[in-house]
Each structure stands twice: as C-alpha cells, then as structure tokens.
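Peer 1: Protein chains in written order, with the working numbering: chain D, 5 to 225; chain H, 52 to 786. Before anything else, here's the structure in question.
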C-alpha cells in the first residue's frame with residue numbers, strides 16, 4: 005500500500021505520523037507539501053497534528069484552504085482513506101470532510117496526557133484491530149479539542165454509527181465525550197488523540213499500533 | 052555643539068568612567084546611533100562585565116566537549132557523528148513585566164541559540180521561581196508564564212520534558228524564568244558565528260524588524276523600581292509560527308553547502324549579532340539599513356540596531372549561493388534580504404538613506420568591553436545545627452504528608468500537563484516529566500539523553516560554596532538515577548545587584564562550589580547565562596545558579612525510572628545518613644525555620660556512590676532508583692510509592708539519630724534503589740566501599756514507617772496532587 009503525510013506550515017507531528025505508518029507498512033511513506041496540487045496513487049492520506057498557520061485563525065481554518073486540500077477532498081470522494089489526527093482532525097472538520105468543529109478546551113488550557121478511550125466501532129478498516137467496547141489509551145495534546153456539533157448533527161452521527169472513539173473521562177468538554185468521528189462513508193476518520201505516539205513500548209505502550217496495522221492490512225489487501 | 056548630554060549618557064546606563072572609555076575608543080563624540088550600540092553591547096546582559104572574571108574559573112573542558120562557552124550554545128560529542136547542543140538562558144525581567152510574552156520569547160530565544168548552530172531542538176526544560184503563593188501577583192505570573200512557555204514550545208513541536216518550579220518570597224518582585232533547550236546535530240555539520248570572506252553577502256532572514264524590545268538588554272541590566280511595569284513596551288512579542296518556519300528553513304539551508312556563518316538575533320538584536328560575527332571572524336561589515344525588512348515606517352538607524360524583534364537570523368553566505376538560499380526562505384514564506392557585505396576594515400559601518408550613520412571599531416566594542424573586579428565579601432558561615440535540638444513532628448507520616456503537599460514539595464503536574472511533552476515521539480515513558488531526569492531517545496537509535504535542571508536556592512543563600520556544589524551534585528545524581536552518565540552542564544546564574552559586595556560574594560562563592568563539583572564529577576560547564584540585578588527596591592532574590600545537566604545512556608532499554616516496579620522488592624539506601632536538618636525542607640515547612648547550614652557535599656562520595664549506582668542500574672541489578680534531595684529519605688520513598696501506587700514498609704534504622712532526622716535529613720550523595728536481590732547488591736556495595744543498607748520492602752497500598760506509623764499511598768498522592776490545581780483555581784483569580 006502507499007501512504008503519504010501532508011505537511012502544512014507548522015505541522016509538527018508529521019514525522020511522528022510517518023514513523024508510525026512506516027513501522028506498520030514496512031516501506032517509505034511520502035511527505036506531500038501543502039502547496040502541491042497532485043495527489044494520486046495513494047491508498048491513505050494522513051493529516052498530522054501541529055499548529056498549521058500558528059492556529060492564529062480558528063484551528064485548521066487556514067490549512068483547510070491550502071491547494072492540497074482540494075486534492076484530499078477528491079481523494080476522499082474517490083473512496084480513498086484519510087486519517088486526520090489532532091490538528092489534522094481540525095483541518096478535516098474545517099474542510100467539510102467531517103461533521104462538527106473543534107472548540108477551545110473547556111478548561112481553556114492546553115492538555116497533554118494519556119487518556120482512556122472507548123472503541124465505539126470495531127468493524128471498520130481503521131479500527132478492526134480493536135474489539136467493540138475495548139478501552140484503549142492514546143495521549144492527547146491539544147488546546148482546541150472540544151468537539152461540538154449541533155443537536156441535529158449529533159443525532160445523525162450517533163445514529164449512523166459515525167462516532168469512532170469516546171473519552172472514558174472527558175478531558176476537554178467534547179459533546180457526547182466524542183474523541184473521534186468518521187464521515188458518512190466511513191473512509192475518513194478524524195480524532196484528537198494521537199495513536200502515533202503510542203506505537204513502541206518505550207513510549208509507554210503500543211495501543212496506537214493496531215490502528216495502523218489494521219489500516220495497512222485492509223489497504224494492502 | 053554636543054548632542055550627547057550627561058543625561059543621555061546616564062539614560063543609556065553608562066558610568067562616567069565607561070563613557071570616557073567610549074570617547075577614547077571613538078576619538079570623537081559618538082552620535083546617538085553609535086551611543087545606543089555601545090550601550091547595549093556594554094550592558095551587563097551582553098558584556099558579562101561583572102561576572103566574566105569569575106565565569107572564567109569554571110571548568111569547561113572534557114574529551115567529549117566539542118565547544119564550550121562563548122558560542123550561541125555548548126556542544127558535546129555523543130558518538131556516531133551525533134552532537135548535542137544545549138544551553139539555558141533567563142528571561143526573568145521581561146517575564147515579570149509581561150509573563151506570557153516574556154516567557155514565550157525566552158523559550159523562542161533559547162531554541163534559536165540551539166538551531167542557529169545546526170541542531171534540531173529535541174527537548175526543552177524550564178526552571179521557574181515565583182514569589183510567595185500569598186503574594187498578590189503570583190497566580191497571575193504563574194498562569195502567564197506557564198501558558199507562554201506552552202504556547203511557544205507546543206507550537207514549535209519540541210517536547211517540554213522537564214524542569215522545576217518553586218515559590219519563595221524573595222522572588223516576589225523578581226521571578227525567574229530559565230529556559231533550556233537541547234538540540235541534536237551532526238558532529239560534522241555544526242555552524243558557528245565567525246564571519247569570513249571579504250565581499251561575502253550578509254543576509255537577514257526571518258521576521259521583520261519592528262520597534263519592539265528596544266533596550267531590552269539594558270532593562271535586564273538594572274534593578275526594578277515601582278515604575279518597572281511602565282517598561283512593558285520593551286518586552287518583545289513572540290511568534291512561534293514564524294520561528295517554526297525559520298527552524299525548518301534554516302535546517303533545510305544548513306543541509307546544503309551555502310552558509311559561512313550564522314547568528315541569531317537575540318538580546319540587542321542586529322547590533323550584537325553583527326558585532327559578534329565580525330568580532331569572532333576578525334572582519335568588518337558594511338551594512339545597508341535601508342535593506343532591513345521593516346515592520347513599521349520611518350524607523351531610525353538607532354531603532355533598527357536596537358530592536359529586539361524576535362524570530363530573526365543573520366547569516367554570511369558563500370558567494371553565488373544567494374538565489375538558492377532565497378528560494379528556501381521564500382518556500383517557507385519568510386523575509387530574505389541581503390543587507391551587507393563582509394569587509395576587511397575591522398569596522399562596522401552603517402549606511403542609511405545614502406549616508407554613513409555610524410562608523411565603529413569592532414573589537415573595542417565586542418571584545419574589549421569593560422570588565423570589573425567587583426568588591427565582594429564571603430557569606431558568613433552558619434553555626435552547625437544539632438538535629439537533637441530540632442523538634443520532632445507529632446507524627447512522621449503527617450509531616451511527610453505536609454512536605455509532599457507543600458507548595459514546594461507538591462506535584463507540578465498542573466504545569467507540565469500544559470506542555471506537549473510527547474511530541475517527536477521519542478520521550479520515553481519513564482522519562483516523562485515528574486521523575487528525576489527527563490529522557491528522550493535519539494531518534495532512530497538505541498541511545499538516549501537524560502536531562503534535568505537543579506538548584507536549591509536556600510542552600511546557596513545559607514552557604515554559596517556548598518550550595519553551588521550541591522546544585523551540580525544534584526544534577527549529577529538526577530541523571531545518574533536513570534542509568535545515564537552525566538556529560539556536561541549549562542548554568543544560569545541568577546543573582547541580585549553585583550554592586551553590593553555581599554551579593555558579589557554569593558556569586559563568587561557559588562562559582563567556587565560549582566567549579567569544585569564540575570571537576571570532581573567530570574561534569575564541565577559548556578554554556579550559560581548570567582542574570583544580575585534581580586532586585587526590587589534593594590531586596591535581592593535567593594542566589595539561584597540553576598544547573599541544566601545532560602547525560603547519555605547507550606541503551607535506553609537499560610534505563611530505570613523512580614516508580615516502584617513491583618511488590619516484594621528490597622528497598623536499599625545508598626550513601627551515608629547523618630540526619631542533616633540545617634536549611635532543610637522539614638525545618639522550613641513544618642517548623643517555619645530557615646536556619647542552619649546546608650548539607651555539606653562530599654564530592655568524592657558523590658562520585659563513588661554515583662558510579663556505583665549507575666553500574667548497578669546498567670547491570671540490571673536495580674529495578675528503580677531515585678535521588679534523595681529535598682525532604683530526604685522520607686520524601687524520596689514517598690515519591691517512589693506515589694509514582695507507582697505500590698506501598699512500602701520502611702524499618703526504623705535511625706540508631707542514635709532522632710527518627711525525624713533520619714527520615715527528613717538532607718544528607719547528600721544518597722539514592723534509594725529497589726532490587727530483587729538485596730544480598731548481592733549489598734555485597735557489591737561493600738566491595739566498592741559504598742555505604743548501603745536494606746531499609747525495607749515494597750508492597751501493599753500503604754507507606755509504613757518504623758513501628759507502625761502508616762499512611763496510605765492514596766492519601767499521600769492526593770496531598771501531593773492537590774495543592775497546585777487548588778491554588779490556581781482560586782475564586783478571586785480571573786485568568
């Protein structure tokens with residue numbers, strides 16, 4: 005399978021995402037610059053964490069209008085898989101690929117710590133390395149991870165099974181404890197927690213690894 | 052007619068003698084631009100005029116030191132063509148005036164010092180000291196400083212992995228914000244600032260120059276008075292987004308063969324960077340100020356030369372590389388301007404609107420700045436404190452709960468959870484904040500760095516020599532306790548007004564103690580920073596020589612943490628316990644006393660015990676290890692228990708000492724370790740001549756001390772974790 009990581013100005017988890025993907029894929033992952041206008045031949049496009057454009061406007065709002073994002077949207081429309089983590093999740097929401105928006109954390113502070121997550125769907129190419137209802141640990145590291153969607157949207161995504169992960173103990177005020185959501189088709193996943201930071205026992209655990217392994221297994225098949 | 056009145060001379064911080072030196076060097080009266088340049092170059096902050104004489108006495112050499120003090124940062128060799136570049140620097144004065152921006156730009160500045168030499172920053176630490184928790188400004192300052200550090204470091208994507216935070220009334224009017232950055236470079240691709248090559252272009256990159264921060268270096272070289280808050284316009288504003296781009300652009304250019312010399316624009320901005328480059332290279336520079344990218348219209352040469360706008364760099368490029376370099380900076384959407392040329396005149400000539408507006412000799416300004424041998428008096432020695440005269444607590448475990456829950460002994464989780472300490476994905480689980488030393492793996496390799504920042508200001512105040520030794524020794528122990536070998540330190544010397552002989556005496560004493568410890572422990576100083584005049588209305592801070600230490604472990608899998616690993620393991624105390632309670636945390640927190648000398652530091656014992664503990668960790672004989680410092684054995688064992696949730700039963704082996712002196716004494720050169728085979732460890736210790744005794748066993752959910760004093764680990768932990776969030780959530784405080 006072929007995967008790439010999109011790099012925006014001040015993306016800063018781009019290398020971490022590349023390392024985690026390469027560990028599961030076993031071959032090099034491309035880095036794609038945000039001004040590029042070509043995005044073909046990839047099975048998976050990853051949008052990494054960071055502070056694209058300094059988060060000086062609403063998080064992800066500027067990056068969502070980068071030239072490459074039009075290609076990411078096309079890739080998703082073609083049925084290609086997209087994974088957005090942290091700032092990547094914010095960018096996917098701002099670009100309209102995912103429902104909802106990420107607001108400032110309820111406590112108004114940056115939060116960096118391990119959190120427990122409940123796997124809501126274990127029957128997707130992203131999450132079938134876990135079991136339904138499994139409690140896993142990923143770290144969070146964000147200032148704006150407070151997931152918000154209006155009542156109607158919330159009802160819809162809950163009803164359609166678009167909630168991927170839920171916080172066991174809500175750290176940031178997210179509605180319905182939502183930590184990660186799918187698009188309606190299920191080929192785009194965005195989440196605030198960082199699976200790429202727990203893929204090696206030395207980092208304190210490997211709970212993030214099954215996500216990458218499952219994706220690779222599905223996309224390489 | 053003279054434009055330079057005595058008032059102007061005074062406003063620029065010159066003494067009469069110094070101004071006579073200026074006239075002597077110039078051979079004429081300087082104009083305002085020239086006077087401003089002299090003023091910042093000769094400020095205490097840039098010239099180290101009061102401290103130079105003593106800094107020179109610090110040991111700076113070891114076979115693994117590639118570059119010692121004098122460059123942007125120091126460099127050590129860790130093998131395999133890997134070099135580690137690090138430094139700590141203060142941003143005390145600006146952080147008091149405007150805490151968010153002051154702290155943020157401190158972090159930005161220290162990262163530039165490191166990446167200007169060719170390193171990618173891989174870890175940040177910070178040592179913070181605030182006034183009394185009861186002081187009206189403290190919450191506001193803590194809040195702003197922590198948010199500023201996080202705001203900058205988090206955006207840069209560099210993990211903030213460690214540091215310290217203490218409160219003391221002596222910092223009420225002068226907080227300390229010491230930021231440390233550790234970077235990784237290729238040993239064969241390091242960049243220095245010495246300009247070379249007559250005719251080579253001098254290039255400005257990064258942010259535009261504005262009117263911010265003018266005379267920041269001069270501000271940082273004077274005492275505060277009540278009207279200091281009016282100095283707010285001299286504090287710079289940070290832009291971490293631009294710095295992240297500048298980092299990536301610089302590293303991209305550094306991977307090519309285009310740069311002759313590079314220097315960041317920190318304190319005193321364009322002035323100090325250009326003079327530094329020319330002075331180190333023995334060249335001159337002709338600079339066209341019209342070409343400097345400017346944020347505001349009508350800036351004068353004086354303003355441009357003295358601005359401390361952030362996120363800027365000055366470079367000398369090889370001829371013909373301009374276009375290639377420009378393309379890289381344009382890709383990262385940064386300004387790139389050729390603003391000058393290297394000359395062989397030995398002079399700095401500034402041109403503006405077709406006129407030469409300054410013509411200054413380089414060396415007399417940069418290299419021959421004033422140097423003072425300030426009068427000093429040694430700090431009087433304190434009488435010994437007999438532990439038998441120190442009141443016992445009603446309950447040992449209650450006192451322990453007080454210590455781990457006090458504002459200085461409590462967990463600083465509230466702070467470090469606001470810092471991204473995991474980005475770059477190389478922070479090890481055991482090396483996350485809260486332990487002895489932070490640990491970050493060298494990307495893609497087996498080896499890792501252990502990093503710490505340490506000083507016990509109350510010890511330095513009580514006895515600068517022993518306190519100086521202790522600061523270095525504690526950094527050594529914190530690194531050793533992970534299994535890593537201490538390699539080198541950076542020092543951040545924070546003191547009061549050096550024109551007072553007793554303050555200068557503290558500085559001299561601390562240098563003496565540090566030197567002795569650095570020599571004995573093979574732990575040289577490779578970089579540092581001095582911050583003097585930390586006084587408000589004549590009241591100085593506790594002398595605070597913050598030590599940032601870096602160590603190396605070859606196989607990160609061999610590292611240990613401080614958390615108990617399992618129940619049923621022996622707890623072994625390494626080192627000699629004499630029950631030293633002078634200047635201890637027990638004395639201060641439970642008896643409200645600050646008397647007595649600090650614990651003496653036996654450097655030979657530090658070395659011997661440290662080498663022994665490290666060898667035992669690397670051999671796999673030790674499952675967890677913790678350095679003993681504030682609060683002694685009691686706090687040490689409590690911290691190991693709290694980090695794991697596993698309790699322990701500790702025997703009363705106080706012998707002839709009062710139990711509270713044995714439990715809370717702060718004797719140095721000690722560690723607590725756990726092991727599955729106490730007999731073998733004790734035999735090895737005996738063979739190495741290292742004092743060691745088994746004092747207990749891990750297990751259960753309680754900490755039991757002596758004949759039956761019991762406290763649950765959960766109760767300790769809740770006391771430990773409560774203070775900081777409760778303090779910051781005070782209802783009278785609005786963020």
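Note that CB positions come from ideal geometry on N, CA and C, so glycine has one too.
#1: From residue 154 of chain H to residue 693 of chain H, what does the alpha carbon distance come to, in whole angstroms?
#2: Could you give the uninterrupted runs of the beta strand (DSSP E) lying entirely in the region 87-159 of chain D, keeping only those of 3 residues or more?
#3: For residue 687 of chain H, which of H:780, H:532 and H:545 has the nearest alpha-carbon?
#4: Counting C-beta neighbours from all protein chains within 10 Å, is the total for residue 589 of chain H 16 or more, i.e. buried, or is it exposed?
#5: Cutting at 8 Å between CB atoms, please list the residues of its own chain near residue 283 of chain H, excluding the five before and the five after it.
#6: Report the partner residues of residue 235 of chain H according to the DSSP bridge assignment.
#7: Touching or not, the region 193-202 of chain H and the region 477-492 of chain H, by the rule of three or more beta carbon pairs under 8 Å?
#8: Which of helix, strand or coil does DSSP assign to residue 100 of chain H?
#9: Residue 98 of chain D CB to nearest chain H CB: under 9 Å?
#10: Taking 9 Å as the cut-off, decide whether the C-beta atoms of residue 178 of chain H and residue 504 of chain H are in contact.
#11: Please return the same chain residues whose Cβ sits closer than 8 Å to the Cβ of residue 52 of chain H, not counting the five positions on each side in sequence.
#12: As a quick exercise: from D:121, D:128 and D:173, pick the residue whose alpha carbon is nearest that of residue 190 of chain D.
#13: Only counting runs of 3 or more residues, tell me where the beta strand (DSSP E) segments fall wholly within the region 568-637 of chain H, in order along the chain.
#14: Considering only C-alpha positions, which residue in the set D:13, D:211 and D:22 is nearest to residue 134 of chain D?
#15: Counting only runs of 3+ residues fully inside the region 366-413 of chain H, write out the beta strand (DSSP E) ranges in chain order.
#16: Taking C-beta to C-beta, are residue 116 of chain H and residue 136 of chain H nearer than 9 Å?
#17: With DSSP as the reference, label residue 17 of chain D as helix, strand or coil.
#18: Which first and last residues belong to the beta strand (DSSP E) in which residue 542 of chain H is found?
#19: Using a 10 Å radius around the Cβ and a threshold of 16 neighbouring Cβ atoms, would you call residue 670 of chain H buried or exposed?
#20: Have a look at residue 484 of chain H and residue 623 of chain H and give me their C-alpha separation to the nearest angstrom.
#21: Which residues in the same chain as residue 36 of chain D place their Cβ atom closer than 6 Å to its Cβ, once the five residues preceding and following it in sequence are excluded?
#22: Between residue 565 of chain H and residue 523 of chain H, how many whole angstroms is the CB-CB distance? I'm expecting something under 8 Å.
#23: Give me the residue from H:85, H:221 and H:637 with the minimum Cα distance to residue 814 of chain H.
#24: Throw me the rounded Cβ distance for the residue 407 of chain H and residue 400 of chain H pair, which I believe falls under 8 Å.
#25: Could you tell me which whole beta strand (DSSP E) segments of length 3 or greater appear in the region 683-756 of chain H?
#26: For my contact list, residue 476 of chain H and residue 23 of chain D are in at a C-beta cut-off of 8 Å; report their separation, rounded to the angstrom.
#27: Measure the C-alpha to C-alpha separation of residue 210 of chain H and residue 430 of chain H and round it to an integer number of angstroms.
#28: Alpha carbons only, please: which of D:162, D:147 and D:58 is nearest the one belonging to residue 154 of chain D?
#29: Since residue 480 of chain H meets chain D, which of its residues come closer than 7 Å, beta carbon to beta carbon?
#30: List, in order along the chain, the chain D residues whose C-beta lies closer than 9 Å to that of residue 149 of chain H?
#31: According to a CB-to-CB cut-off of less than 8 Å, which residues of the region 57-80 of chain D neighbour chain H?
#32: Return the chain-ordered list of same chain residues with a C-beta closer than 6 Å to the C-beta of residue 323 of chain H, the five sequence neighbours on each side being excluded.
#33: Just by C-beta distance, which residues in the region 290-314 of chain H are closer than 9 Å to chain D?
#34: So, is the C-beta of residue 469 of chain H closer than 9 Å to a C-beta in chain D?
#35: Report all residues from its chain with a CB closer than 6 Å to the CB of residue 331 of chain H; omit the five preceding and five following residues, and keep chain order.
#36: Have a look at residue 519 of chain H and residue 569 of chain H and give me their C-alpha separation to the nearest angstrom.
Peer 2: In terms of the structure at hand:
#1: 31 Å
#2: 105-107, 115-123, 139-146 and 150-152
#3: H:532
#4: exposed
#5: Note that residue 283 of chain H scores 46 on pLDDT, short of 50, meaning its location in the model is unreliable; the coordinates nonetheless yield the value given after this. The answer, listed in chain order, is 148 and 149.
#6: H:135 and H:171
#7: no
#8: coil
#9: no
#10: yes
#11: Note that residue 52 of chain H has pLDDT 45, beneath the 50 cutoff, so the model's placement of it is unreliable and no number is given.
#12: D:128
#13: 576-582, 595-604 and 621-625
#14: D:211
#15: 386-394, 398-403 and 406-412
#16: no
#17: coil
#18: 536-545
#19: exposed
#20: 24 Å
#21: 8 and 10
#22: 5 Å
#23: Limits of chain H in this structure are 52 at one end and 786 at the other, which puts residue 814 of chain H out of reach.
#24: 6 Å
#25: 699-701, 722-726, 743-749 and 753-756
#26: 6 Å
#27: 39 Å
#28: D:162
#29: 206, 207 and 208
#30: None at all; the shortest Cβ gap to chain D is about 19 Å.
#31: 57, 58, 59 and 60
#32: 97
#33: 290, 291, 292, 293, 295, 296 and 299
#34: yes
#35: 244 and 245
#36: 10 Å
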